[in-house]
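Number of protein chains: 2
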Amino acid sequence: MAKPLDPDMFDPMCPSSAMPIQIGDKWTAMVVLCLEDGPRRFNELRGPLRGITPKVLAQTLRAMERDGLVTRTAYDENPPRVEYELTMLGHSLFTLIAAARAWSREHLPSLLAARASYEASADASLLEASRDHIQ
Amino acid sequence: MAKPLDPDMFDPMCPSSAMPIQIGDKWTAMVVLCLEDGPRRFNELRGPLRGITPKVLAQTLRAMERDGLVTRTAYDENPPRVEYELTMLGHSLFTLIAAARAWSREHLPSLLAARASYEASADASLLEASRDHIQ
DNA sequence: GATGCTGATTACTTCAACGATACTGGCCTA
DNA sequence: TAGGCCAGTATCGTTGAAGTAATCAGCATC
Numbered sequence: 001m002a003k004p005l006d007p008d009m010f011d012p013m014c015p016s017s018a019m020p021i022q023i024g025d026k027w028t029a030m031v032v033l034c035l036e037d038g039p040r041r042f043n044e045l046r047g048p049l050r051g052i053t054p055k056v057l058a059q060t061l062r063a064m065e066r067d068g069l070v071t072r073t074a075y076d077e078n079p080p081r082v083e084y085e086l087t088m089l090g091h092s093l094f095t096l097i098a099a100a101r102a103w104s105r106e107h108l109p110s111l112l113a114a115r116a117s118y119e120a121s122a123d124a125s126l127l128e129a130s131r132d133h134i135q
Numbered sequence: 001m002a003k004p005l006d007p008d009m010f011d012p013m014c015p016s017s018a019m020p021i022q023i024g025d026k027w028t029a030m031v032v033l034c035l036e037d038g039p040r041r042f043n044e045l046r047g048p049l050r051g052i053t054p055k056v057l058a059q060t061l062r063a064m065e066r067d068g069l070v071t072r073t074a075y076d077e078n079p080p081r082v083e084y085e086l087t088m089l090g091h092s093l094f095t096l097i098a099a100a101r102a103w104s105r106e107h108l109p110s111l112l113a114a115r116a117s118y119e120a121s122a123d124a125s126l127l128e129a130s131r132d133h134i135q
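So the protein lines, in turn, are chains A and B.
Under the UniProt record's numbering, the residue at position 108 of the first sequence is numbered 108, and the numbers go up by one with no gaps.
Under the UniProt record's numbering, the residue at position 53 of the second sequence is numbered 53, and the numbers go up by one with no gaps.
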């Protein structure tokens, strides 16, 4: 419930960035994943979300709050404390995430293969063109 | 298989544009839906895809071809004929589309309600502010 | 008195997607 | 010889999302 978030939970090399599916905007799905085990604080979210700036994180959370996906609770303490927690609606996104994961497990390799062979043939025609040009 | 596409198959007023899920880029999911019943020609796709310009449609189809989602077949006739058809990989996207539809059926109303009440309260504070200002 | 923590905000810049408009080339028909 | 059909290209402009860098206020600690 309160385990610290793994700073490496999102591998930047993971091909999931090639997935032809997106949930919310760029960071929404990752925020949902970070909030899976309970409420988290603003700066706590910045760990796994490598490279997100406070501006973009604030924007993302504001948009999710507007859509009823998270709740924002500010505690009147010092230093200030703000907690973000998934609503039931936010939790319901896990069904979509599961579907996306299932699709990826089954089909992403084919997509990646298609892309690679497409680029290989593009490279081949480039090579051909340059050879024609040299001769 | 060869029934003409309904020009109104995508209602621009449909709230599905608010779905927190997206497949490919803006037009990809709609192209997939158009190709469900068999191959279609370039200009045939422009009917339901209201307002898409040939440039953007060509870009979209090129990207889908690169990812192995559609095949492009050019017939050497006059006037020229080109047909686009879903591959098996392209067909597999229907599982994702079905998941998105199921989520929307169940949860989109809540999201829309959250958004409306958020904007109502934003409007209310605006009203309050303007009232304060007037007095 | 200086610094740091927390949860932001502001101004500026960059970039890619998207869109509007016009045009091409080869063949066919009038 | 003029225009139309098809499947696109070419060129330019707009827009919005995202990133960079700097800054804020209030309190606590050094």
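By construction, the Cβ of each residue, glycine as well, lies at the ideal position given by its N, Cα and C atoms.
Short CB-CB distance (under 8 Å) between A100 of chain A and chain B: Residue mapping note: residue 100 of chain A aligns to position 100 of the first sequence, counting from 1. So, interface residue.
Could you give the residue range of the alpha helix (DSSP H) that holds R72 of chain A? Reading the first sequence from its first residue, position 72 is the one you call residue 72 of chain A. Here R72 of chain A belongs to no alpha helix (DSSP H); instead the beta strand (DSSP E) covers 70 to 75.
Between L69 of chain B and T87 of chain B, how many whole angstroms is the CB-CB distance? I'm expecting something under 8 Å. Here residue 69 of chain B is taken as the residue at index 69 of the second sequence, counted from 1. Here residue 87 of chain B is taken as the residue at index 87 of the second sequence, counted from 1. Contact holds; Cβ gap of about 6 Å.
Listed by chain order, chain B residues near H107 of chain A by CB distance under 8 Å: Here residue 107 of chain A is taken as the residue at index 107 of the first sequence, counted from 1. In chain order: L89, S92.
Check each candidate in B:S92, B:L108, B:S104 and name the one with the smallest Cα separation from S110 of chain A. As a working note, residue 110 of chain A is residue 110 in the first sequence. Residue B:S92 is the option with its Cα nearest to S110 of chain A.
Provide the residue(s) that pair with E44 of chain A in DSSP beta bridges, ordered along the chain. For this step, residue 44 of chain A is matched to residue 44 along the first sequence. None, per the DSSP bridge assignment.
Per-residue contacts from Q59 of chain B into chain A (C-beta, under 9 Å): Locating residue 59 of chain B in the second sequence gives position 59, counting from the first residue. Under the 9 Å cutoff, chain A gives no residues; its nearest Cβ is about 15 Å from Q59 of chain B.
If I follow the unbroken alpha helix (DSSP H) through L33 of chain B, where does it start and stop? Within the second sequence, residue 33 of chain B is the residue found at index 33, counting from 1. Segment 28 to 34, the alpha helix (DSSP H) holding L33 of chain B.
For a cutoff of 8 Å on Cβ pairs, would you count L111 of chain A as touching chain B? Taking the first residue of the first sequence as 1, we reach residue 111 of chain A at position 111. For L111 of chain A, the answer is yes, since a Cβ of chain B falls inside 8 Å of its Cβ.
Is the CB-CB distance between P79 of chain A and P48 of chain A below 8 Å? Numbered from its first residue, the first sequence carries residue 79 of chain A at position 79. Numbered from its first residue, the first sequence carries residue 48 of chain A at position 48. No.
In its own chain, which residues sit with a C-beta less than 8 Å from the C-beta of Q22 of chain A, not counting the 5 before and 5 after it? Along the first sequence, one-based indexing puts residue 22 of chain A at 22. Hits under 8 Å: A29.
Environment of H133 of chain A [buried if 16+ CB atoms lie within 10 Å]: Position 133 of the first sequence, counting from 1, holds the residue named residue 133 of chain A. Residue placement at H133 of chain A cannot be trusted, given a pLDDT of 49 that sits under 50; what the coordinates show is reported in the next sentence. Under this definition H133 of chain A is an exposed residue.
Candidates B:T71, B:R115, B:H107: which alpha carbon is nearest R40 of chain B's? For the purposes of this step, residue 40 of chain B is taken as residue 40 along the second sequence, with counting starting at 1. Checked all of B:T71, B:R115, B:H107; the closest Cα to R40 of chain B is B:T71.
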